[in-house]
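Okay, structure first, notes after.
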Amino acid sequence: MLSRRKFLNLATSDIVDYVEDKQENVQVSINKSSSGADILVYIFQRGAADGLNLVVPYGDPNYAPNRPTLAIPAPDGSNDSAVNLDGFFGLNPNLSALMPMFDNGDLAMIHACGS
12 MLSRRKFLNL
22 ATSDIVDYVE
32 DKQENVQVSI
42 NKSSSGADIL
52 VYIFQRGAAD
62 GLNLVVPYGD
72 PNYAPNRPTL
82 AIPAPDGSND
92 SAVNLDGFFG
102 LNPNLSALMP
112 MFDNGDLAMI
122 HACGS
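Just so we're aligned, residue 12 is where the sequence shown starts under this note's numbering, counting upward by one.
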């Protein structure tokens, strides 16, 4: 079982390495699903991560001015800028390994939901 402490450590830049290492195993598990139904994995991170630094609203004119030391730059092709998702939101560059899943429609991020 993955402890909360380990999960929080992985939720930073190490999550990319973890996802890359485990993606094949997860895919195998999903392929072996006997029901044939779609599978939803929901990760609720109450206080575990800064959502505005994971999925960056770089298109919001209030984002960068209100986060002068934390804002991730808008996509510009550099290694430290957001990875464009839709022209308004971008993915933290440390999570760029998740882009193939997003591009395939296998990954979605839902902001500001839950309790």
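All C-beta atoms in this analysis are idealised placements derived from N, C-alpha and C, irrespective of residue type, glycine included.
Whole-angstrom distance between residue j and residue i, CA atom to CA atom
i      : j      : result
Tyr74  : Ala82  : 7 Å
His122 : Phe113 : 15 Å
Ser92  : Gly70  : 13 Å
Leu109 : Ile54  : 15 Å
Ala60  : Asn115 : 25 Å
Met120 : Asn90  : 21 Å
With 16 other Cβ atoms within 10 Å as the buried cut-off, status of residue i
i      : result
Asp117 : exposed
Asn103 : buried
Assumed close pair residue i, residue j - CB separation to whole angstroms, cut-off 8 Å
i     : j      : result
Val94 : Pro86  : 6 Å
Val67 : Gly101 : 5 Å
Member of the options whose CA lies at the smallest distance from the CA of residue i
i     : options                     : result
Gly62 : Arg78, Gly98, Ile50         : Arg78
Gly88 : Ser107, Thr80, Pro76, Pro72 : Ser107
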